Amino acid sequence: MSYEAKVRLTNLNNYCLRKGWVSRKNPERGSPVQLEKALGKTQSFWSDLMRGNKSFGADLAREIEEKLGLPKYALDGDDHSTDFVAVPVIDIEVSAGHGKIADVVEEGAVMQFRRDFLASIGISPINAAVFKVKGASMEPTIPDRCHLLVNRAATEPVNGKVFVFVKGNEIFCKRLVKKDDDWYAVSDNPDRYEYPDIDLFGSDHFRILGRGLWVAYKL
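Numbering (our numbering), first residue to last: 99 to 317.
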């Protein structure tokens, strides 16, 4: 399920819970019975949707918004009525070593973050993502097998800050350092023989995916 679909599902579920439309089988999930009464279709349709087993595209979101009297695109936006935000976890592993092949970046599970915490570190919920990090090059700052919260809106390099980026067909997590008007990707691990600096000048397909701001240790 795409990130946009997860946002729609989270917002629809929160709407149901605020209305008291609670599933008898799961008190944290909206009721398929009440959704059938309000929106038509079948209970099995809504049950599959609320479990994340059915596609939640834009056309369905617009239909639901119209029938529920919600503003257009309300399900696509961040639901400010909740204290927590569902942030997508990126399935592909980001290398804090020698690079991982970055053919496809798919979104899998979500992690819940407090809304006020995201605001305190300057991340809008819609731009937040969690990347899984593999490798020892950024230790001790970012240990192997950690999860890194990334601001996907921060795509301009900042000297001395940690970024997730694509170089060629590989994806990295490194500290970007400016030397003599040139940018380098530098490891925090002091072993420069194992983890040498990477000169990014003239690199083919160099693209910043976001700035790392918070580490979850080995979830």
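We put the CB at the ideal spot given by N, CA and C, even for glycine. These figures come from a predicted structure and were not determined experimentally.
By Cβ distance below 7 angstroms, which residues in the same chain neighbour residue i in space, the five residues on each side in sequence not counted?
| i | result |
| --- | --- |
| residue 285 | 235, 236, 272 and 293 |
Determine the DSSP secondary structure at residue i, reduced to helix, strand or coil.
| i | result |
| --- | --- |
| residue 256 | coil |
| residue 143 | helix |
| residue 162 | helix |
| residue 221 | coil |
| residue 288 | coil |
| residue 227 | strand |
| residue 236 | coil |
| residue 209 | strand |
| residue 106 | helix |
Near residue i, what residues of its chain come up, given a Cβ to Cβ distance below 6 angstroms and the 5 sequence neighbours on each side ignored?
| i | result |
| --- | --- |
| residue 128 | 111, 114, 119 and 148 |
| residue 325 | Outside the shown range of the chain, which is 99 to 317, sits residue 325, and nothing can be said about it. |
| residue 221 | 249 |
| residue 165 | 137 |
| residue 303 | 266 |
| residue 121 | 127 and 129 |
| residue 150 | 99 |
| residue 132 | 119 |
Provide the residue(s) that pair with residue i in DSSP beta bridges, ordered along the chain.
| i | result |
| --- | --- |
| residue 282 | 275 and 297 |
| residue 312 | 247 |
| residue 128 | 120 |
| residue 187 | 228 |
| residue 304 | 265 |
| residue 182 | 212 |
Which residues in the same chain have their Cβ closer than 8 angstroms to the Cβ of residue i, if we skip the five residues on either side of it in sequence?
| i | result |
| --- | --- |
| residue 210 | 182, 183, 184 and 185 |
| residue 276 | 255, 257 and 282 |
| residue 152 | 143 and 146 |
| residue 240 | 194, 231, 246, 260, 271, 286, 310 and 313 |
Less than 9 angstroms between the C-beta atoms of residue i and residue j, yes or no?
| i | j | result |
| --- | --- | --- |
| residue 297 | residue 279 | no |
| residue 228 | residue 248 | yes |
| residue 207 | residue 155 | no |
| residue 251 | residue 225 | yes |
| residue 192 | residue 246 | yes |
| residue 157 | residue 106 | no |
| residue 311 | residue 253 | no |
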